[in-house]
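Line by line, the protein sequences give chains A and B.
Quick note on the numbering used here: the first sequence kicks off at 32 and runs consecutively.
Quick note on the numbering used here: the second sequence kicks off at 10 and runs consecutively.
Reading through the structure tokens given below for one structure.
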Amino acid sequence: MTRLLMLVCGLVLFASTAAMAADCPRTTVADLEDEVMCPVCGTSLGVAREAPLARRERAMIERLANRCQTKAQIKAALVGEFGPAVLAMPPRQGFDASAYLVPGAGALAALMVAALLLRRWRRRGASSALAPTTALTAADQLDLEAELARLR
Amino acid sequence: MRIERPVAVAACLLAGAALVAVLAYGVAHQHASRSIDRAVAAGDRPTAPGLHLPRLGVSGEAAIADWRGKVVVVNFWASWCEPCRDETPLLERWHRRLAADNGLVLGINTLDVDADALRFERAFHLTYPMLRDRDGAGARRFGVAGYPETVVLDRRGRIAAVARGPVDDGFMREKLRPLLREPA
Numbered sequence: 032m033t034r035l036l037m038l039v040c041g042l043v044l045f046a047s048t049a050a051m052a053a054d055c056p057r058t059t060v061a062d063l064e065d066e067v068m069c070p071v072c073g074t075s076l077g078v079a080r081e082a083p084l085a086r087r088e089r090a091m092i093e094r095l096a097n098r099c100q101t102k103a104q105i106k107a108a109l110v111g112e113f114g115p116a117v118l119a120m121p122p123r124q125g126f127d128a129s130a131y132l133v134p135g136a137g138a139l140a141a142l143m144v145a146a147l148l149l150r151r152w153r154r155r156g157a158s159s160a161l162a163p164t165t166a167l168t169a170a171d172q173l174d175l176e177a178e179l180a181r182l183r
Numbered sequence: 010m011r012i013e014r015p016v017a018v019a020a021c022l023l024a025g026a027a028l029v030a031v032l033a034y035g036v037a038h039q040h041a042s043r044s045i046d047r048a049v050a051a052g053d054r055p056t057a058p059g060l061h062l063p064r065l066g067v068s069g070e071a072a073i074a075d076w077r078g079k080v081v082v083v084n085f086w087a088s089w090c091e092p093c094r095d096e097t098p099l100l101e102r103w104h105r106r107l108a109a110d111n112g113l114v115l116g117i118n119t120l121d122v123d124a125d126a127l128r129f130e131r132a133f134h135l136t137y138p139m140l141r142d143r144d145g146a147g148a149r150r151f152g153v154a155g156y157p158e159t160v161v162l163d164r165r166g167r168i169a170a171v172a173r174g175p176v177d178d179g180f181m182r183e184k185l186r187p188l189l190r191e192p193a
């Protein structure tokens, strides 16, 4: 009876550990180091290998990953400690929003310029095709006919 | 729709100028301002930027202005900064010494992990008040570019001295003695 009870307890323990392991997202430092900055170094965590603050951040990520926190949860914890500037992608507000707006505005301006140039090029092509040919003077006409007659 | 050439040129120039302005603003804000250092070197005492920050390890907030009337040694530090470790015992000694003369040391923990900062505070048995500047925005207003850095405020909340690096007894004696004799 005791053996059976111990076996059941063992199985329950094994099953719960396996379930916990399956739920754990296993986030690694490598998953985050291109998406998180070392605020003092001004580079991503992946580039700042030896900086003391970068080492602390890595330790914090490992600690939280060992507690089965997801990537999003770890990022939120880092923002809680260091502020939004710790994220490699700047926030979409304030001056940092220019990181998103400037490329978009640039692409729009480039498209508009391209459209204007294309329209001008097409208009120029059409006008040159329709341009009237200059009529020959009477003297030129006589010269041309004489030349053609000579060739015949 | 036909766009006149001068209008198109003006629009392009305006767009270019706006882009340059945005880039210039971004570059200018990457570097710490040295206007405080220049003013102090010229013998002026600029008013300290008003900082309102959470306290480290306890609930509540405090502003530097709360200590107006005292000589305040504002020290920007982080637990990961090696020179801060060497400097800290001296700051604690001076904090105890200043208490009798209506002065204090005020620590501002910057860009740090909360738990690491508290461990540091316990390890060095620090008794001076601590504020938490998590993203370094407050430190940047004082032109802080590295750690540790120290700013000394007179009793009227004006910046009287700046140390861009660790302080020593010589700096503290030279800068604090005249300030402590000044009336509030």
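Beta carbons are placed, not taken as given, at the ideal position from N, Cα and C, and that holds for glycine.
Nearest-angstrom Cβ-Cβ length linking Val80 (chain B) and Arg164 (chain B), presumed shorter than 8 Å:
Numbered from 1 along the second sequence, position 71 holds the residue referred to as residue 80 (chain B). Numbered from 1 along the second sequence, position 155 holds the residue referred to as residue 164 (chain B). So it is a contact: roughly 6 Å between Cβ atoms.
| Taking Cβ positions only, does Gly156 (chain A) come closer than 8 Å to chain B? | As a position in the first sequence, residue 156 (chain A) is number 125, starting the count at 1. No, because no Cβ of chain B sits closer than 8 Å to the Cβ of Gly156 (chain A).
Just to confirm the assignment: which complete beta strand (DSSP E) runs, minimum length 3, are found wholly within the segment 122-158 of chain B?
139-142
- Item | Residues of its chain near Val161 (chain B), where Cβ-Cβ distance is below 6 Å and the 5 sequence neighbours each way are ignored | The count along the second sequence starts at 1 and reaches residue 161 (chain B) at position 152. If we look at Val161 (chain B) and ignore the five residues flanking it on each side, its Cβ neighbours are Val82, Ala169, Ala170 and Lys184.
In whole angstroms, what is the alpha-carbon distance linking Glu81 (chain A) and Glu101 (chain B)? Working through the first sequence from its first residue, we reach residue 81 (chain A) at position 50. Working through the second sequence from its first residue, we reach residue 101 (chain B) at position 92. Answer to the nearest angstrom: the Cα atoms are 30 Å apart.
Pull up the distance between the alpha-carbon of Asp125 (chain B) and that of Ser88 (chain B), whole angstroms please.
The count along the second sequence starts at 1 and reaches residue 125 (chain B) at position 116. The count along the second sequence starts at 1 and reaches residue 88 (chain B) at position 79. The straight-line gap from Cα to Cα measures roughly 6 Å.
field: Members of the segment 92-124 of chain B that neighbour chain A once the beta carbon cut-off is set at 7 Å
entry: Leu120, Val122 and Asp123
Neighbourhood of Thr119 (chain B) by C-beta, 6 Å cutoff - its chain only, sequence neighbours within 5 removed: Walking along the second sequence from the start, residue 119 (chain B) turns up at place 110. Excluding positions up to five away in sequence, the list reads Phe85, Ala87, Asp142, Gly145 and Ala148.
Practice task
Pull up the distance between the alpha-carbon of Thr168 (chain A) and that of Leu182 (chain A), whole angstroms please.
Solution key: Position 137 of the first sequence, counted from the first residue, corresponds to residue 168 (chain A). Position 151 of the first sequence, counted from the first residue, corresponds to residue 182 (chain A). Their Cα atoms are separated by approximately 21 Å.
What did DSSP end up calling Glu167 (chain B) once you bin it into helix, strand or coil? The sequence position of residue 167 (chain B) within the second sequence is 158, counting from 1. Correcting the residue identity first, residue 167 (chain B) is Arg in this sequence and not Glu. Correct three-state label for Arg167 (chain B): strand.
**OP:** Might you give, ordered along the chain, the residues of its own chain that have their beta carbon closer than 8 Å to the beta carbon of Thr136 (chain B), omitting 5 neighbours on each side?
**Re:** Counting from one through the second sequence, the residue named residue 136 (chain B) turns up at place 127. If we look at Thr136 (chain B) and ignore the five residues flanking it on each side, its Cβ neighbours are Glu101, His104 and Arg105.
Could you please tell me which residues of the segment 129-143 of chain B, in chain order, have their CB closer than 7 Å to any CB of chain A? Arg143
Going by DSSP, which residues form a beta bridge with His61 (chain B)? Here residue 61 (chain B) is taken as the residue at index 52 of the second sequence, counted from 1. Answer is B:Ala72.
Cα-Cα separation between Pro55 (chain B) and Pro98 (chain B), rounded to whole angstroms
Start at 1 with the first residue of the second sequence, and residue 55 (chain B) comes out as number 46. Start at 1 with the first residue of the second sequence, and residue 98 (chain B) comes out as number 89. Going by the C-alpha atoms only, they are around 29 Å apart.
Note to self: Tell me the residue span of the alpha helix (DSSP H) that contains Leu118 (chain A).
What the structure shows: Counting from 1 along the first sequence, the entry for residue 118 (chain A) is found at position 87. No alpha helix (DSSP H) contains Leu118 (chain A), which DSSP labels as neither H nor E.
Checklist entry - When you check each C-beta in the segment 60-84 of chain A against every C-beta of chain B, which residues fall closer than 8 Å? => result Pro70, Val71, Gly73, Pro83 and Leu84
Listed by chain order, chain B residues near Ala116 (chain A) by CB distance under 9 Å: Walking along the first sequence from the start, residue 116 (chain A) turns up at place 85. Simply Asp144, Gly145 and Ala146.
| task | Pull up the distance between the alpha-carbon of Arg153 (chain A) and that of Gly25 (chain B), whole angstroms please. | result | Here the question's residue 153 (chain A) lines up with position 122 in the first sequence. Here the question's residue 25 (chain B) lines up with position 16 in the second sequence. If I take the Cα positions, the gap works out to 27 Å.
request  = At 3 residues or longer, and completely inside the segment 63-114 of chain A: list those beta strand (DSSP E) runs for me, N to C.
outcome  = none
Checklist entry - According to DSSP, which residues form a beta bridge with Leu115 (chain B)? => result Against the second sequence, residue 115 (chain B) aligns to sequence position 106. According to DSSP, which records beta bridges pairwise, Leu115 (chain B) is partnered with B:Val83.
Margin query: Taking the beta carbon of Glu91 (chain B) as the centre, do at least 16 other beta carbons fall within 10 Å, making it buried, or is it exposed?
Written below: In the second sequence, the residue the question calls residue 91 (chain B) occupies position 82. Under this definition Glu91 (chain B) is an exposed residue.
Sequence-distant residues of the same chain with beta carbon closer than 6 Å to Val176 (chain B), five excluded per side: The residue you call residue 176 (chain B) lines up with position 167 of the second sequence. Hits under 6 Å: Thr159.
On a CA-only basis, which of B:Pro15, B:Pro138, B:Pro157 and B:Arg186 is nearest Trp76 (chain B)? Give me that one, please.
Against the second sequence, residue 76 (chain B) aligns to sequence position 67. Residue B:Pro138 is the option with its Cα nearest to Trp76 (chain B).
task = Work out the CA separation of Leu23 (chain B) and Val16 (chain B) for me, nearest whole Å.
result = Mapped onto the second sequence, residue 16 (chain B) falls at position 7. Mapped onto the second sequence, residue 23 (chain B) falls at position 14. If you take the alpha carbons of Val16 (chain B) and Leu23 (chain B), they lie about 10 Å apart.
- Nearest to Pro187 (chain B) by CA position, among B:Asp110, B:Phe129, B:Val153 and B:Leu115, is which residue? Here residue 187 (chain B) is taken as the residue at index 178 of the second sequence, counted from 1. Minimum Cα distance to Pro187 (chain B) is reached at B:Asp110.
| said: Quick check on Glu191 (chain B): buried or exposed, where buried means 16 or more other Cβ atoms within 10 Å of its Cβ? | reply: Start at 1 with the first residue of the second sequence, and residue 191 (chain B) comes out as number 182. With fewer than 16 other Cβ atoms within 10 Å, it is exposed.
**Prompt:** Taking the C-alpha atoms as reference points, what is the distance between Leu139 (chain A) and Leu147 (chain A)?
**Reply:** Sequence index remark: in the first sequence, residue 139 (chain A) carries index 108 (1-based). Sequence index remark: in the first sequence, residue 147 (chain A) carries index 116 (1-based). Distance between the alpha carbons of Leu139 (chain A) and Leu147 (chain A): 12 Å.
Review point. In whole angstroms, what is the alpha-carbon distance linking Pro70 (chain A) and Met37 (chain A)?
Key: Taking the first sequence and counting its residues from 1, the one referred to as residue 70 (chain A) is at position 39. Taking the first sequence and counting its residues from 1, the one referred to as residue 37 (chain A) is at position 6. Going from the Cα of Pro70 (chain A) to the Cα of Met37 (chain A) covers about 53 Å.
Coil, strand or helix - Thr204 (chain A) by DSSP | This structure does not reach residue 204 (chain A), given that chain A is present from 32 up to 183, and the question cannot be answered.
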